[in-house]
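Colleague: Below you will find the structure I want to go over with you.
Set out below in structure tokens:
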């Protein structure tokens, strides 16, 4: 941890100098605040979504309607987190800008990068969930992994699909937090 304005701050987990608006496959995990199980239960190794879980599923699927440059690959909603593969399509890395273009930051416009996609998703789900009078919040950050080859993609897809089968051992399962 480093100090910023005399306060400790958590270092970014993002890959240094990587343009997260670049075309590619990104594995993300997004957790609820304090890993509270808002989204349903795993019963007989199958996820049973709650009403809040259904909202999350609906908003996740809307991502491709809202952002034409985004596709979704394999994904699953677990009781307190979501795993998914986000595909960003047809974006030129911002280092390859046309002459005369300039941006306020070294990564260019932020409208189509991975963080803005997740931020928009979290915002939309939170608004809908609050509108039905639930006290809900997401963890402030999310985990991401840049998928660089077919072998890694296949392993991550398998991990996502098999996640409910391993819920009893999952580190995100509240029953395992103090083990």
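Residue numbers (my numbering): 298 to 476.
For each residue, glycine too, the CB sits at the ideal point set by N, CA and C.
#1: Check each candidate in 440, 424 and 441 and name the one with the smallest Cα separation from residue 433.
#2: Can you say whether residue 356 is buried or exposed, counting buried as having 16 or more other CB atoms within 10 angstroms of its CB?
#3: Mark residue 440 as exposed unless 16 or more other C-beta atoms lie within 10 angstroms of its C-beta, in which case mark it buried.
#4: When the Cα of residue 349 is compared with those of 322, 386, 375 and 360, which residue comes out closest?
#5: Please list the terminal residues of the continuous alpha helix (DSSP H) segment that includes residue 423.
#6: Looking at the secondary structure, which residues open and close the beta strand (DSSP E) in which residue 346 lies?
#7: Alpha carbon to alpha carbon, what distance is there between residue 373 and residue 453?
#8: What are the start and end residues of each continuous alpha helix (DSSP H) run of 4 or more residues lying completely inside the region 325-374, in chain order?
#9: Using CA atoms only, rank isn't needed, just tell me which of 421, 464, 442 and 330 is closest to residue 384.
#10: Using three-state DSSP, classify residue 443 as helix, strand or coil.
#11: So is residue 400 buried or exposed if we call it buried at 16+ other beta carbons inside 10 Å?
#12: Pick from 336, 326, 472 and 320: whose alpha carbon is nearest that of residue 426?
#13: Starting from the C-beta of residue 386, find all residues in its chain whose C-beta is less than 8 angstroms away, skip the five residues before and the five after it, and write them out in chain order.
#14: If we ignore side chains and look at the alpha-carbon of each, how far apart do residue 330 and residue 346 end up?
Modeller: The answer reads as follows:
#1: The shortest C-alpha separation from residue 433 is found at 424.
#2: So residue 356 ends up on the buried side.
#3: Its Cβ having fewer than 16 others within 10 Å, residue 440 is exposed.
#4: Closest by alpha carbon: 375.
#5: Start and end: 411-428.
#6: For residue 346, the enclosing beta strand (DSSP E) begins and ends at 343-346.
#7: Approximately 12 angstroms between the Cα atoms of the pair.
#8: If we require 4 residues or more, the alpha helix (DSSP H) runs fully inside the region 325-374 come out as 348-363.
#9: The candidate whose alpha carbon is nearest that of residue 384 is 442.
#10: The three-state secondary structure of residue 443, taken from DSSP, is strand.
#11: Low confidence applies here, because residue 400 scores a pLDDT of 45, under 50, leaving its location unreliable and the question unanswered by this model.
#12: Residue 336 is the option with its Cα nearest to residue 426.
#13: Spatial neighbours of residue 386 in its own chain (CB-CB distance under 8 angstroms, excluding positions within 5 residues in sequence) are listed in chain order as 320, 366, 367 and 368.
#14: Computed Cα separation, rounded: 18 angstroms.
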